Amino acid sequence: MRSGPWRWHLDEVFVKINGETHYLWRAVDREGEVLESFVTKRPVRRLL
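Numbering follows full-length UniProt numbering, in which position 48 of the sequence shown is assigned residue number 48; successive positions increment by one, without gaps.
Structure (structure tokens):
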């Protein structure tokens, strides 16, 4: 069981798909577990 507050952070990674740059976003908890991820063609100015 976890102790203390539940924490997570947002990772942004640049990836090439078919020669085009895309942005991979991942919400990751403090244990390294990926909570959610998605890919966009453009940077997202505001996620939350």
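Note that beta-carbon positions come from the ideal geometry of N, C-alpha and C, so glycine has one too.
All values derive from a computational prediction rather than experimental measurement.
>> Please report the straight-line C-alpha distance between residue 4 and residue 19, rounded to a whole angstrom.
In response: When rounded, the separation of the alpha-carbon atoms in residue 4 and residue 19 is 43 Å.
Practice prompt. Would you tell me roughly how many angstroms separate the C-alpha atoms of residue 31 and residue 11, rounded to the nearest one?
Written response: 14 Å
| query | Is the CB-CB distance between residue 45 and residue 29 below 8 Å? | reply | no
Residue from 22, 16 and 9 whose Cα sits closest to the Cα of residue 40: Nearest option by C-alpha distance: 22.
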